[in-house]
Amino acid sequence: MNEETTQISLTVNGAPVTRAVAVRRHLVDFLRLDLNLTGSHLACEHGVCGACTVRVDGNVTRGCLMLAVQTDGADVVTIEGLSASGEVADLQKEFEARNAAQCGFCTPGMVLTSAELLAAGGVPSREVIRDHLSGNLCRCTGYQAIVDAVEATAKSRAAAGAGA
Amino acid sequence: MTPPDGHGEGLVGKPVARPNVRRLIHGRGRYTDDITVPHMLHAAFVRSPYGHARVNGIDSTMADGAPGVVRIVTGAEIAEICTPMIAVAAHRPGHKSAPQHMLAVDHACYQGEAVAAVIAASRAEAEDAAELVVVDWDELPAVMDMMEALSPDSPPIHPELGDNLCFQHVIDTGDAAAALAAADFVVEHEFEFGRHTAVTLEGRVILADWDPVEERLTVHQSHQSPYQMQDVYSRHLGIPEHKVRVITPDIGGGFGLKINVHGEEVAIAAISMMLGKPVKYTADRLESFVADYQTRDHLGFAKMGVDADGRITSMDFDNILSVGPYTAYIRFGLAEGVMAINCAAAPYGLTDYHARTRVAYVNKGVVGMFRGVGVPIGCAVTEVLVDQAAAKAEIDPVEFRRMNYHTDEDYPLTSVGGYAAKYMSLHRCLDACADIMDYKALRADQARKRETGVFRGVGVVTFVEAAAFGPIYYGPSGARVSTQDGCTVKLEPSGVVRCLTSVTDQGQGTLTGIAQIVADQLGIGMDDIDVIAGDSATTPYGGGAWASRGMAIGGEAALQAGKALKDNILDLAASILQTVPAALTLSGGEIRDVATGEARMGLAELAKVGYFRQDTLPAGTQPELMVTRHYVPGASYFVANGVQGAQVEIDVETGFIKLLGWWMADDCGRVINPLMVDEQIRGGIIQGIGNTLYEHCQYDETGQMLNASLADYLLPMAGEMPDIKIAHVETPIGSTELGANGIGESGTIGAIAALWCAVNDALRPLGAQVTKQPFTPEHILDVIEKAGRT
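Protein chains in written order, with our numbering: chain A, 1 to 164; chain B, 1001 to 1790.
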């Protein structure tokens, strides 16, 4: 049995990529194994924990529930690309200052999910932040510092927006 | 706060951010599964689908020809080159455990136990081929219930052991039976603490690389102790120890799980030796659920006697637990049971105590180390009884605790369970916690809400944490467990400092603490120091991360190493500056005159002379700008303590529990970094909440785990968890210069007791009390209904 493959072309972190991929390979295996983008993690591979979170065509997506072949023509952004873009530099500083990451395994997914909430604008309540992050499992922090980091970023963005 | 020796930069005690967290936040962590090496192969395991079965034979004919397959390796083949794990504690007479092969040879004792490995070019191909391996199984009766396991009629899982009793231990202090009989009243309670598992977000991962030319084994592994694993690989595979190197890169969560020795991982190293190629294995989530070493699984029956003045006089605690089919190698699963009865009643001044722990073998996964190790059980059992006693005595439970605590004048003391404490700041922690939670206001709120039919409960509980275990504890067991840690501090030629420590960091911030401590000794800032850890070949030998030892032991070693390097620096500086070392000190990166504070020489200048211009020094001067110090704790363990408070609301129609607030006042000795301590506390509390409300490894009567997925095994998510308010009571421990105690387990230990007490407090007006965790809505409704019927 030879592995069935198909050719896909997509944009990953702003750069064009063309690869032949096994049709059964999911997106995060493709990112990790074929593109060496190891910032997206696998922890359950059944869509519960959120460690594999990436952005596909602007939407936060579980990379383990999407096949690589489904991303033909798509625009995929991983934690590597998001970090390099500077879009979440302020959020990442807040994470660091509050130790909102311990082992760091959930953190790329947390950052991507938080970025989605922050991009919606305004200052969400802690309850809304907690609710928004409820699809991302963290085993180390107890979540409070992550909620604090997101809240602080939202406040400083709102203040900067008001001042502008 | 004053730094330990009073003349550093004062980093100790400050909320310094972790330099090594940045890469994780930016997606640049390097976990074991991120590492690839040339010629690397991948493993998948063939696992027992039965709780208990005999393996008659393994036919790999079909799998051998599958795409990408390099080799199928059976447990029997591994056993030819790898000795089995035998975990029998030398200091526990009567303890027995059967030899445990790295992969089962002919007898699989739990669902998920690996019997063969498929090695292929990719993980996907290895998994495909694993399905083609045909195992001839004979299913055997599974022993699943711990009480049945202990009955004489139960078939022994390992016939050669005679029965399923792993071990029993009794504590008899005073005369508990007589004291209970003489008590003004006695309260009693039954407990069931369900089995759960660590669920590190990153599963276990190992990449073993045997170089057949140099006969050298290099292992990258997601593990808390590279030293322990170096020892294991060396001894079980017969490799000279200096040819084994274990590197632990970034670790995606440990919590004690990754201090255990899992046979599969040793098997991967053995297979790498067989093939002469690097082999990687990454546990997937299903494998983690069934094959990770699990935790808890206790039953308890306990009584407490109280006299007419409201003084606790006595306690009886019968504890039973199951540890799977084997005692966990290398540190034994015994502490889970022993610590439970050992720590019970530790805060209280009772005189008569009887306790027994019985440990049963069953056909579930092996129980190993996990955050708290038995202590949450002893604390919860004690605190539930204390609350019941307070209610019966009609004394406020906070007041009742204050009345019954040891007094400050009682120390040092050994508790009725044998907990030796130099000091516990019980009264101060109780005051601090009651203060931050505004205890009286919560009670007033509770009373008001009850009038409207809303059931709120408040739990205020005392916890102890045994931390930083020493050689007195582990030495006599015969286990090769290093209870000391070491630190090397090196002045680099440009005047910056590099540390190598034997403690490892899975996100606790330990390495940041080490940097703070050393930097203070050398009078430098965080930008001028780097810490390296997690490499058995290059760092000092030590324990790694377990039992909350990072700061308590590793921190002290770092402090002593920093001090020694400072002495050497000042000796050399005195020689260069033609003065005496006592006239000089270090601060702001400079060697300064003690009397005037004047900068005499930069560290960079001194290092330049020490490394490149020794010709300018008096003949025979041998600058020593790198030093190593180790620290061996003198006690069995250090005792940390504190108080937690929880407020809950119970919907008596649905059985749902809502967490309204959480508080903790801790005393972990000197706080090196309050940011890291707070995060250890918060993360620990949330894990304890998960243990108590959600987590449960559910097995059926044939040994099948029924909820081995993250969709079915519930864990705390952000939405349901409370914010946690923390106060620190700081009593530096006297036995080290640093004064730090442990904090890693306190959150979890106390949270479990706090939730038991808060929920029972809410249910008390209904005459109901919870008896088993997790507290599912079904259990809440059951106990309410049962109370209504009586």
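Here a beta-carbon is modelled for each residue, glycine too, at the ideal position from N, C-alpha and C.
- Message: Here's a check: name, in chain order, each residue in its chain whose Cβ is nearer than 7 Å to the Cβ of residue 1631 of chain B, leaving out the five neighbours to either side.
- Response: In the second sequence, residue 1631 of chain B corresponds to position 631, counting from 1. Cβ neighbours of residue 1631 of chain B beyond the five flanking positions: 1484, 1485, 1553, 1556, 1557 and 1560.
- Could you say which of B:1324, B:1567, B:1354 and B:1426 lies nearest to residue 1156 of chain B if we only look at CA atoms? Taking the first residue of the second sequence as 1, we reach residue 1156 of chain B at position 156. Out of B:1324, B:1567, B:1354 and B:1426, B:1324 has the C-alpha closest to the C-alpha of residue 1156 of chain B.
- Query: For residue 1669 of chain B, which residues of its own chain have a beta-carbon under 6 Å away from its beta-carbon, when the five flanking residues on both sides are left out?
  - Reply: Counting from 1 along the second sequence, the entry for residue 1669 of chain B is found at position 669. The answer, listed in chain order, is 1732, 1733, 1739, 1740 and 1741.
- Message: Cutting at 7 Å between CB atoms, please list the residues of its own chain near residue 1531 of chain B, excluding the five before and the five after it.
- Response: Within the second sequence, the letter at position 531 stands for residue 1531 of chain B. Correct list, in chain order: 1499, 1501, 1511, 1514 and 1515.
- Give the DSSP bridge partners of residue 1487 of chain B, in chain order. Taking the first residue of the second sequence as position 1, residue 1487 of chain B is located at position 487. Looking at the DSSP assignment, residue 1487 of chain B forms a beta bridge with B:1501 and B:1629.
- Three-state class that DSSP yields for residue 1107 of chain B in the structure shown: Sequence index remark: in the second sequence, residue 1107 of chain B carries index 107 (1-based). Here residue 1107 of chain B sits in strand by DSSP.
- Message: Cβ closer than 7 Å: which chain A residues qualify as neighbours of residue 1200 of chain B?
- Response: One-based indexing of the second sequence puts residue 1200 of chain B at position 200. Per Cβ cutoff of 7 Å: 139.
- Message: Just to confirm before moving on: does the CB-CB distance between residue 1758 of chain B and residue 1459 of chain B stay below 8 Å?
- Response: As a working note, residue 1758 of chain B is residue 758 in the second sequence. As a working note, residue 1459 of chain B is residue 459 in the second sequence. Yes. Within cutoff.
- Where residue 1031 of chain B meets chain A, residues with beta-carbon distance less than 8 Å: Stepping through the second sequence from its first residue, residue 1031 of chain B is reached at position 31. Chain A residues near residue 1031 of chain B: 38, 41 and 105.
- One or two residues paired with residue 1413 of chain B in a DSSP bridge: The residue given as residue 1413 of chain B occupies position 413 in the second sequence. According to DSSP, residue 1413 of chain B bridges with B:1421.
- Ignore the nearest five residues each way along the sequence and tell me which others in residue 1419 of chain B's own chain have a CB closer than 8 Å to its CB. Within the second sequence, residue 1419 of chain B is the residue found at index 419, counting from 1. Excluding positions up to five away in sequence, the list reads 1342, 1343, 1346, 1464, 1466 and 1639.
- Leaving out five residues before and five after residue 1128 of chain B in sequence, what residues of the same chain have Cβ atoms less than 7 Å from its Cβ? Looking up residue 1128 of chain B in the second sequence gives position 128. Within the same chain, residue 1128 of chain B has close Cβ partners 1066.
- Using 10 angstroms around the beta-carbon of residue 1352 of chain B, count the other beta-carbons present and answer buried if the total reaches 16, otherwise exposed. For the purposes of this step, residue 1352 of chain B is taken as residue 352 along the second sequence, with counting starting at 1. Answer is buried; the Cβ neighbour count reaches 16.
- Are the beta-carbon atoms of residue 1117 of chain B and residue 1101 of chain B separated by less than 8 Å? Position 117 of the second sequence, counted from the start, is the residue given in the question as residue 1117 of chain B. Position 101 of the second sequence, counted from the start, is the residue given in the question as residue 1101 of chain B. Their beta carbons are not under 8 Å apart, which means residue 1117 of chain B does not touch residue 1101 of chain B by this criterion.
- Item | residue 1411 of chain B, buried or exposed, once every other Cβ within 10 Å from all chains shown has been counted against 16 | Position 411 of the second sequence, counted from the start, is the residue given in the question as residue 1411 of chain B. That one is exposed.
- Message: Would residue 1315 of chain B and residue 1389 of chain B qualify as a contact pair, given that the criterion is a beta-carbon distance under 8 Å?
- Response: As a working note, residue 1315 of chain B is residue 315 in the second sequence. As a working note, residue 1389 of chain B is residue 389 in the second sequence. Their beta carbons are not under 8 Å apart, which means residue 1315 of chain B does not touch residue 1389 of chain B by this criterion.
- Task: Go to residue 1586 of chain B, then tell me how far its beta strand (DSSP E) extends in each direction, as first and last residue.
- Result: On the second sequence, position 586 is the one that residue 1586 of chain B refers to. Run containing residue 1586 of chain B: 1584-1587, per the beta strand (DSSP E) assignment.
- Message: Do residue 1648 of chain B and residue 1456 of chain B count as a contact pair if the criterion is CB distance below 8 Å?
- Response: Taking the first residue of the second sequence as 1, we reach residue 1456 of chain B at position 456. Taking the first residue of the second sequence as 1, we reach residue 1648 of chain B at position 648. Result yes, Cβ atoms of residue 1456 of chain B and residue 1648 of chain B sit closer than 8 Å.
- Message: Quick check on the burial criterion: 16 or more other C-beta atoms within 10 angstroms. Buried or exposed for residue 150 of chain A?
- Response: If you number the first sequence from 1, residue 150 of chain A lands on position 150. The residue in question, residue 150 of chain A, is buried, as its Cβ has 16 or more Cβ neighbours within 10 Å.
- Backbone CA spacing between residue 1545 of chain B and residue 1256 of chain B [nearest angstrom]: As a working note, residue 1545 of chain B is residue 545 in the second sequence. As a working note, residue 1256 of chain B is residue 256 in the second sequence. Going by the C-alpha atoms only, they are around 8 Å apart.
- Taking any Cβ of chain B, which residues in the region 47-78 of chain A have a Cβ under 9 Å from it, in chain order? 47, 48, 49, 51 and 78
- Would you list the one or two residues that DSSP bridges to residue 1071 of chain B? Position 71 of the second sequence, counted from the first residue, corresponds to residue 1071 of chain B. Bridge partners of residue 1071 of chain B: B:1119.
- Query: Which bits of chain E does residue 108 of chain A rub up against, with CB to CB less than 7 Å?
  - Reply: Any reference to chain E falls outside this structure, whose protein chains are A and B.
- Tell me, to the nearest whole angstrom, how far the beta carbon of residue 1251 of chain B is from that of residue 1506 of chain B; I am working on the premise that it is less than 8 Å. Reading the second sequence from its first residue, position 251 is the one you call residue 1251 of chain B. Reading the second sequence from its first residue, position 506 is the one you call residue 1506 of chain B. Yes, residue 1251 of chain B and residue 1506 of chain B are in contact; Cβ-Cβ is about 4 Å, under 8 Å.
- Task: Round the Cβ separation of residue 1572 of chain B and residue 1606 of chain B to the nearest angstrom and send it over; I've been treating them as touching at under 8 Å.
- Result: Indexing the second sequence from 1 puts residue 1572 of chain B at position 572. Indexing the second sequence from 1 puts residue 1606 of chain B at position 606. At roughly 6 Å, the Cβ-Cβ gap stays under 8 Å, so residue 1572 of chain B and residue 1606 of chain B are in contact.
- Task: Quickly, what does DSSP pair residue 9 of chain A with across the bridge? List them, please.
- Result: In the first sequence, residue 9 of chain A corresponds to position 9, counting from 1. Note: residue 9 of chain A sits in a beta bridge opposite A:18.
- Are at least three pairs of beta-carbons, each pair with one atom in the region 1194-1214 of chain B and one in the region 1279-1295 of chain B, less than 8 Å apart? yes
- To the nearest angstrom, how far is it from the Cα of residue 1564 of chain B to the Cα of residue 1517 of chain B? For the purposes of this step, residue 1564 of chain B is taken as the residue at position 564 of the second sequence. For the purposes of this step, residue 1517 of chain B is taken as the residue at position 517 of the second sequence. Roughly 13 Å separates the two Cα atoms.
- Under 7 Å by beta carbon: chain B residues contacting residue 95 of chain A: Taking the first residue of the first sequence as position 1, residue 95 of chain A is located at position 95. Those are 1025, listed as they occur along chain B.
- Query: Any beta-carbon of chain A closer than 8 Å to the one on residue 1679 of chain B?
  - Reply: Translated into the one-based positions of the second sequence, residue 1679 of chain B becomes position 679. By this cut-off, residue 1679 of chain B is an interface position.
- Shorter than 8 Å from the beta carbon of residue 1503 of chain B to some beta carbon of chain A? In the second sequence, residue 1503 of chain B corresponds to position 503, counting from 1. Answer no: the Cβ-Cβ gap between residue 1503 of chain B and chain A never drops below 8 Å.
- With a CB to CB cut of under 6 Å and the five nearest residues on each side skipped, what residues in its chain are close to residue 1112 of chain B? Here the question's residue 1112 of chain B lines up with position 112 in the second sequence. Excluding sequence neighbours, residue 1112 of chain B sits near 1047, 1290 and 1291.
- Task: Compare the beta carbon distance of residue 106 of chain A and residue 137 of chain A with 8 Å and say whether it is the shorter of the two.
- Result: In the first sequence, counting from the first residue as 1, residue 106 of chain A sits at position 106. In the first sequence, counting from the first residue as 1, residue 137 of chain A sits at position 137. Yes.
- Task: For the beta strand (DSSP E) holding residue 1353 of chain B, just list the boundary residues, first then last.
- Result: Counting from 1 along the second sequence, the entry for residue 1353 of chain B is found at position 353. 1352-1360 is the span of the beta strand (DSSP E), which, as asked, contains residue 1353 of chain B.
- Nearest neighbour of residue 1359 of chain B, chosen from B:1592, B:1333 and B:1380 [CA to CA]: As a first step, residue 1359 of chain B is located in the second sequence; it is residue number 359 there, counting from the start. Here the closest residue by C-alpha is B:1333.
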